[in-house]
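K.L.:
Chains as they are written, first to last, in my numbering: chain B, 1 to 127; chain D, 1001 to 1310; chain P, 2001 to 2150. Every residue, glycine too, gets a C-beta built ideally from N, C-alpha and C. These figures come from a predicted structure and were not determined experimentally. For reference, the structure I am asking about is given below.
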Amino acid sequence: MADESISVVKVRDVLMVTMPADPDDASVSALQMKVLQMMEQYEATGLVLDISAVETLDSFFARTVAETAQMASLMGGRTVIAGMRPSVAITATQLGLTLGSAMTALDVDRALDTLTDAGQRGNSHER
Amino acid sequence: MEHPDGQDRQAEVTVLEWEQRKDFVGFTDDDALLLRDLCSLSEAYADEVVEELYRQFLRFDETKAFFPDDATLNRVKALQKEYFLGLTGGDYGQEYLANRLHVGRVHQRIGLSPRWYIGAYSIYMQAVIPRLIGAFGSDPKKAQRTIVALLKIIELDQELAITTYIAASEAVIARQSREILEISTPVVQVWEGVIAAPLIGMLDTERAQQFMERLLTRVVETRSSVALVDITGVPMVDSRTAQHLLEAIAAVRLLGAQLVLTGVRPTIAQTLVHLGIDLEGVVTRASLEAGLRFAMESMHLQDGSRNGRQ
Amino acid sequence: MRASGAIAMNAERAGEVRIHSESDIVATRRTVRTAATQLGFGLTDVTRIVTAASELARNIFLYAGSGIMRWEALDTGGRIGIELTFEDRGPGITDIEQAMEAGYTSGGGLGMGLPGAKRLMDEFEIASEIGKGTIVTAKKWHRRLGDSTS
């Protein structure tokens, strides 16, 4: 059950993760390990988390994402969260959730653009 | 029961509340029995009473207007007769309630105000009471109890009529308010990748919520990188408003876009600082124009560096 | 898009989910999502309610091991709402006030649950007794001026 529904694909030197609509805690935790392993394996310099299908983003999910971004950064990669839904963004804001050092992008295309830009053009959430 | 707009179809009065109302006026099963005993009598005088009522309706321009032709008049008279017979039907439960609620909604929809159909109840009683007293001639006590029972059920009916009328009117007002809100806080695309939303007036929680939802939706729809929110038209910013603005800024950032606050006048700037609002990382500009310039510069830079890569 | 307003005669007005395992947190979210949507809440409000439920369900699983979530449709004075109750027989909360302070954690790194859920809902009550358990009740009502258009 753990990581069967979360696909991780390598696109050049970026890892692309497509999150399903309502992943359970175990899948989210398993994903973190899988991503880090693949980052090492492929020497990826970036990670894109496509959450356009995600309907609920609670504190557990947010914390795991923030942790993953931090871990990825330690391994030399930047993280971009792509495609957050308006209703999810509003709820997350009201909840006071942060995404750590992860950047955000409107969609996967922009996310990839952000990661291939020389400068730090993306919207970082780090203070 | 279909409401024409298909909205707000929840019962204005629940079955539980209906029971409570009956309890309050003291409408008991005895009353129900007394009224059912009236059944045959009311069937006998129903036509006459309806005629008297509509004679009155046709005397006044305001009510006459609802019956433009004979076909309408006859149809309504038939419905009215059914309604009056319902008063003495003997059953005053859920179905009765649903039926009466429907009547109220219909009246609101056609624009017949309570003033007229409450008045109709009065005419009904004036027509019915003498007939009742006549029928129960030998038993004045029973006549009295029956009249009181009739008064109770009519009073309950009037309450329902008013409740549904008010509820239906409020639904219309709510819908119109929503539409006004949408018109008064438009979100327009001013350039490729840039949307602008002028905020006018005070921002209460409800308005802020609506605004945020529309703003974010438009950001996604237009695939914009910058959302210019102009607060020139916001006379005053209190900590609540500032909080709403900060939330909007954070939410837009989560989408991957940037909210630029424009039209920050000196007094507002002072207030924000005095309130201790942390605007770290928030881009602000004094005018919408300046905000647009910033937006285009930042997008141009983005494109520039990207093109440079190719 | 709003669900067509009325609570149909045979639609559910209450339900529950037993929380024993981690996968029950997802089950809670799904049940609450269906319920809130059926009651005509707009998308953003549904998201708030489901997220609050997720936090509270996880709290039960992590701190009490097992418990139950109940939901009930509210209908008073023509206003529709939803009530969520999270009940467990866990260790109870020593200091509720402290637990409600944002960011408070008791190890495990999870501090969002209670204050977060409270922020998302309209009414929020918590009763707890050491050694006996905890009951959290949260309500959300339809907003005035109609629902969200998103």
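Please state if the CB of GLU2083 of chain P and the CB of ILE2068 of chain P are separated by a distance shorter than 9 Å.
P.N.:
Contact: no.
K.L.:
Rounded to the nearest angstrom, what separates THR91 of chain B and ALA53 of chain B at their Cα positions?
P.N.:
One C-alpha to the other measures close to 15 Å.
K.L.:
For TYR1092 of chain D versus PHE1027 of chain D, is the C-beta spacing smaller than 9 Å?
P.N.:
yes
K.L.:
Go ahead and label ALA1242 of chain D buried or exposed: buried means 16 or more other beta carbons lie within 10 angstroms of its beta carbon, across all protein chains shown.
P.N.:
Around the beta carbon of ALA1242 of chain D, a 10 Å sphere encloses 16 or more other beta carbons of the protein chains shown; the residue is thus reported as buried.
K.L.:
For ARG1055 of chain D and GLY1090 of chain D, what's the separation of their Cα atoms in angstroms?
P.N.:
Going from the Cα of ARG1055 of chain D to the Cα of GLY1090 of chain D covers about 28 Å.
K.L.:
Just how far apart, CA to CA, sit LEU1079 of chain D and ILE1133 of chain D?
P.N.:
Between the alpha carbons of LEU1079 of chain D and ILE1133 of chain D lies a gap of roughly 26 Å.
K.L.:
Taking only beta-carbon atoms, is GLN94 of chain B less than 9 Å away from chain D?
P.N.:
yes
K.L.:
Can you round the beta-carbon distance between THR56 of chain B and ASP24 of chain B to whole angstroms, since I take them to be within the 8 Å contact cut?
P.N.:
Rounded, the Cβ-Cβ distance is 11 Å, inconsistent with contact.
K.L.:
Exposed or buried, which one is ILE2130 of chain P when buried takes at least 16 other CB atoms within 10 Å?
P.N.:
exposed
K.L.:
Could you give the distance in angstroms between the alpha-carbon of GLY96 of chain B and the alpha-carbon of ARG1240 of chain D?
P.N.:
Straight across, the Cα-Cα distance linking GLY96 of chain B with ARG1240 of chain D is about 16 Å.
K.L.:
Is it buried or exposed, ASN1074 of chain D, if we count other Cβ atoms within 10 angstroms and call 16 or more buried?
P.N.:
exposed
K.L.:
Can you give me the C-alpha to C-alpha distance between SER87 of chain B and ALA1251 of chain D, rounded to a whole angstrom?
P.N.:
9 Å
K.L.:
Does THR1997 of chain P get closer than 9 Å to chain D when you measure Cβ to Cβ?
P.N.:
The first residue shown for chain P is 2001 and the last is 2150, placing residue 1997 of chain P beyond what the model contains.
K.L.:
Out of curiosity, what's the CA-to-CA distance linking GLU2125 of chain P and THR2031 of chain P?
P.N.:
Between GLU2125 of chain P and THR2031 of chain P, the C-alpha separation is close to 21 Å.
K.L.:
Give the residues from the stretch 2040 to 2054 of chain P that approach chain D closer than 7 Å (Cβ to any Cβ), ordered along the chain.
P.N.:
THR2044
K.L.:
Taking all protein chains shown into account, decide if ALA1227 of chain D is buried (16 or more other Cβ within 10 angstroms of its Cβ) or exposed.
P.N.:
buried
K.L.:
Mapping the DSSP letters down to three states, classify GLY2131 of chain P as helix, strand or coil.
P.N.:
Here GLY2131 of chain P sits in coil by DSSP.
K.L.:
Under 9 Å between C-beta atoms, does LEU106 of chain B make it to chain P?
P.N.:
no
K.L.:
Cutting at 6 Å between CB atoms, please list the residues of its own chain near LEU1058 of chain D, excluding the five before and the five after it.
P.N.:
LYS1064
K.L.:
Quick one: list the residues of chain D neighbouring ALA89 of chain B, beta-carbon separation under 7 Å, in chain order.
P.N.:
Per Cβ cutoff of 7 Å: LEU1216, ALA1251, LEU1254 and LEU1255.
K.L.:
What residue range is occupied by the uninterrupted alpha helix (DSSP H) comprising ALA2036 of chain P?
P.N.:
2023 to 2038
K.L.:
Closer than 9 Å between beta carbons: that is the criterion. Which residues of the stretch 20 to 43 of chain B meet it against chain P?
P.N.:
ASP22, PRO23, ASP24, ASP25 and ALA26
K.L.:
Might you give, ordered along the chain, the residues of its own chain that have their beta carbon closer than 8 Å to the beta carbon of ALA66 of chain B, omitting 5 neighbours on each side?
P.N.:
THR98, LEU99, GLY100, SER101 and ALA102
K.L.:
Run through chain B and tell me which residues come within less than 9 Å of ARG2119 of chain P, C-beta to C-beta.
P.N.:
GLN94, LEU95 and GLY96
K.L.:
Please confirm whether SER101 of chain B has its beta-carbon closer than 9 Å to some beta-carbon of chain P.
P.N.:
So, not an interface residue.
K.L.:
So, are the CB atoms of ALA1143 of chain D and ASP1031 of chain D less than 9 Å apart?
P.N.:
Contact: no.
K.L.:
Measuring CB to CB, does LEU1160 of chain D end up less than 9 Å from LEU1101 of chain D?
P.N.:
yes
K.L.:
Decide if MET16 of chain B is buried, meaning its Cβ has at least 16 other Cβ atoms within 10 Å, or exposed.
P.N.:
buried
K.L.:
Classify GLU1206 of chain D as helix, strand or coil using the three-state DSSP reduction.
P.N.:
helix
K.L.:
Among D:GLN1020, D:GLU1170, D:GLY1263 and D:LEU1034, which one has its Cα closest to the Cα of ARG1105 of chain D?
P.N.:
Closest by alpha carbon: D:GLU1170.
K.L.:
Taking GLU1247 of chain D as the query, report the chain P residues whose CB atoms sit under 7 Å from its CB, ordered along the chain.
P.N.:
Near GLU1247 of chain D there are no residues of chain P at all, since even the closest Cβ is about 11 Å away, more than 7 Å.
K.L.:
Could you pull the DSSP bridge partners for PHE1136 of chain D from this structure?
P.N.:
Answer is none; PHE1136 of chain D lacks a bridge partner.
K.L.:
Beta-carbon of MET1 of chain B versus every beta-carbon of chain P: anything under 9 Å?
P.N.:
Because MET1 of chain B sits at a pLDDT of 43, beneath the cut-off of 50, its placement in the model cannot be relied upon, and the following sentence gives the value as read from the coordinates. Output row for MET1 of chain B: interface = yes.
K.L.:
Just confirm the distance between the C-beta atoms of LYS2139 of chain P and ASP2045 of chain P, as a whole number of angstroms; I'd bet it's less than 8 Å.
P.N.:
Wrong, their Cβ atoms sit about 12 Å apart, outside the cutoff.
K.L.:
Hey, how far is the Cα of ARG1207 of chain D from the Cα of ALA1248 of chain D?
P.N.:
12 Å
K.L.:
Go to ARG78 of chain B, then tell me how far its beta strand (DSSP E) extends in each direction, as first and last residue.
P.N.:
78 to 82
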